[in-house]
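All remarks here apply to the structure that follows.
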Amino acid sequence: MTQIKSRNHPRFHPDDDSSEPPPIFGNFFEGWSGFFSNNNQDKQVASPPAIDGQQQDYENDRCSTLSSQTVSTSTRHSSNLYDESIPPRRKNSVQLGRQVMSELLENDNVSNAVHILQQALDHLQMTRTEGENKEDVSKIYSQIIKSLCDPNIACIVDEMSKNEGKAPDIQETVLWRLFTKVVESGYVLEASENADAHLAVVNTLVDRNHKKLALQAMYALPRQEWDTACYRTAVLLHLLQDPKQSQEAQGLLSDYGKPYLEIANPIAPNDLPPIRMEMPLMHEVTEQDQFQLWMFYQSALSASDEEWHTTKLAYEKLRKENMEAIQHYEEEEGSGVKDWAMTQLQIETRKQQVDRISTDNDNTMIFVAVNSSQFEYGWQVYQAMGDAVNEATPCIVMHLCWVAFRQIPIADISRRTDWENRAWTVYSRFMCSEYLHPEENEAPGFLHDILSIAANSPEIVIDKKARYTKAMSVYSLLVRLHLDKLLCDDRVLEPILCTLLYECKGSPANIVMMSNKGFEIWNRKLEIAHSSVRTSYSMLWGLLVLALKSGQADLDKVLVQLLEKDMNDVPSSLIAIIQTIHDQTMCNGCYFYDYLFRSIEFTDSTEETSAILVDKFGFVYDGEPRQGFLDKQPNCRTNINELQATSISMAVKMGVAKQEELVPKQMHYSTKKAKALVRHCLKRSELKSFT
């Protein structure tokens, strides 16, 4: 026993990048202490149990994981074994547990055992265990918890606990109070009995229709203690939730059988190397075990999602027919039939037609799997395709990897790394192949997805600039092969800019290097396109952020592009950062100093001027600035209305602005003032370049 220390076929385009980023920690760092301490405040009333097909699957499965104890009951009352003369704050945990077990098992006096527990739980402090054997504490209370989950004993306890004929809330029951007390104290058994006790509690909660509590109770058991039964139970619990948590269930399928898991460091998830967590019970898991859990998940999912089940069955039936037809044509081809020369062309044509239909069906099924969030199934379809791919496959499969990657919690580094590795295998196979021509419209989307994964890949110990190295390897290939169309496409350049914004921190030399690289990439685009291709506002804003952070950049071309645009359409977030650059690096004390952040007489008018709360990077704030800690955290929203604005804003927040103090100020914005400021900055920049 150990004690755990608590710790306070269509084309794909990145049209859905405006979605929220994944949660940081998911189920890895559940706030159990806070959750348990608030139980009495957030009480749940048990609703009548709903029995459906999936619930029945749960009942059938748990029979193999829960062994009930049949304990006879008696109405005989023994003497009260709880000695009131002993100070309640120091009642010995082991002694108390043995008294309760004696009443439960030896004397068959459930009511007296429950009475002892009810009194003791008000005073028992299991964290104060001086002179007690921690193994004894865990073992005895695990046995008590398991006994209280026995249907016969639970029935008696429920009758005893009724108040005016009504059953108590689940948080007030002896079972739940004792379970939370043990969990909060950090006790874990070394033997499998620990998992049995947890599964008994989980099953009891499901019986009482507390599925959400059951899932939380399941994750109270440290992942190092999970065996196959725990994974099966947790998969079912995720599918029993409303709404169904299929992503979390697929995550468990990915984790099952791994000898270790890597999780993000909670101090700095995006910057520090991950924490490695050994999984000793997974060393004996075989590929057959993993396949059985996968089939178990598919069976449980089919019972809860009829639409997905119907779609999957239709696809698998059609695929089977196509495979049989292809095999039939191959056998005909090699069977030595008469008139071989007459029939060969016809046979080959029919075989190719079936091949094409089969590949189209596979691509469509991967697309459906992405939309249904069944990413593992989509990857299984791709693997089963083998060499039977076409021009649509690379973009579809790469998008599968990107969507799956970004929906995984940031803390779950093992799963994110798995999907990133899958994406790089797809990139290595299809980049510059016959199936992905750089001039085709699908190529920018393909590169956008792999570069987006690279920009958000976990930090590693070996290479502190892993994100930058990966992004530059792709960009260098485009430069070396003179793929000018891709070098000018914002869908390709946007994730590269995000990478530079993520890494633009640390030493001044590194900040300057990232800024110079960003402007080098943008200037190459302008040279290739001869300034005929306009850059999105989001990209221009990102370049201005790099210039502000480094304190040095040639902004002439950026300012010229802004003046060539309709100033009524230019977002004020860009003008705010131009004002900051002007005040910090261009002029000190000139007329335009702090120009937009003060009211100008005869210039500002109530009709044209609007008051906007922004900080120096152009992040927009709602309402008046407040003093709370969370209110001082960096905002992550500009008023740039573009699809890529969210991802670039997030990169600024997590990279450039991470150590910056962002203080919102009121900006008196008007188109007239914005245009005057940009013209003034352009003149100053030209003069500086000339001198």
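Counting from 1, one number per residue, gives the positions in the sequence shown under UniProt numbering. Yeah, the Cβ is synthetic: ideal placement off N, Cα and C, and Gly gets one too.
7 Å Cβ shell around residue i - same chain, five flanking residues per side excluded
i    : result
Y468 : T499, E503
L497 : G518, M539, G542, I648
A214 : V202, L205, V206, L237
L318 : N361
Per DSSP, the bridge partner or partners of residue i
i    : result
D387 : Its beta-bridge partners do not exist; DSSP assigns none.
Q666 : L613
D412 : I263
R276 : E262
Y621 : L613
K166 : N163
Contacting residues, own chain, Cβ-Cβ under 8 Å from residue i (five flanking each side not counted)
i           : result
L293        : T228, Y231, R232, V235, L253, Y256
residue 699 : With the chain covering 1 to 691 only, the question about residue 699 has no answer from this structure.
D418        : S254
Outcome for residue i when other beta-carbon atoms lying within 10 angstroms are tallied against a minimum of 16
i           : result
D489        : buried
P14         : A caution first: P14 carries a pLDDT of 43, below 50, which makes its placement in the model unreliable, though a value can still be read off. P14 comes out buried.
T535        : buried
M667        : buried
A674        : buried
A314        : exposed
S433        : exposed
A197        : buried
L237        : buried
D42         : Model confidence at D42 stands at a pLDDT of 42, short of 50, so the residue's coordinates are unreliable and nothing is read from them.
R415        : buried
Y260        : exposed
Q247        : buried
I267        : exposed
P274        : buried
E442        : buried
T638        : buried
Y141        : buried
residue 693 : Only positions 1 to 691 of the chain appear in the structure, and residue 693 is not among them; the question remains open.
E420        : buried
I170        : buried
A509        : exposed
K525        : buried
I250        : According to the sequence shown, residue 250 is Gln rather than Ile. It counts as buried.
H482        : exposed
C590        : exposed
Contact under 8 Å by Cβ, residue i with residue j
i    : j    : result
A382 : V370 : One point to set straight first is that residue 382 is Tyr, not Ala, in the sequence displayed. No.
Y669 : I612 : yes
L436 : P495 : no
I581 : L548 : yes
L487 : L501 : no
I144 : L199 : no
D360 : I326 : no
L563 : R679 : yes
L546 : V492 : no
L400 : I450 : no
L555 : S685 : yes
W226 : L281 : yes
S358 : A388 : yes
R223 : M277 : yes
L662 : F619 : yes
V660 : Y537 : It should be noted that the sequence gives Glu, not Val, for residue 660. No, Cβ-Cβ distance for E660 and Y537 is not below 8 Å.
S161 : A154 : no
Own chain partners of residue i with C-beta closer than 6 Å, once the 5 adjacent residues on each side are dropped
i    : result
T173 : none
K665 : F597
V656 : L501, C504, V545, K549
S85  : Per-residue confidence for S85 stands at a pLDDT of 42, beneath the threshold of 50, marking its modelled position as unreliable; the derived number appears in the next sentence. So no residue of the chain qualifies.
T671 : M567, N568
R422 : C401
A676 : none
L221 : H198
L148 : L175
Quick check on the DSSP output: what are the complete alpha helix (DSSP H) runs of length 4 or more inside the region 467-549, in order along the chain? 484-487, 490-503, 508-529
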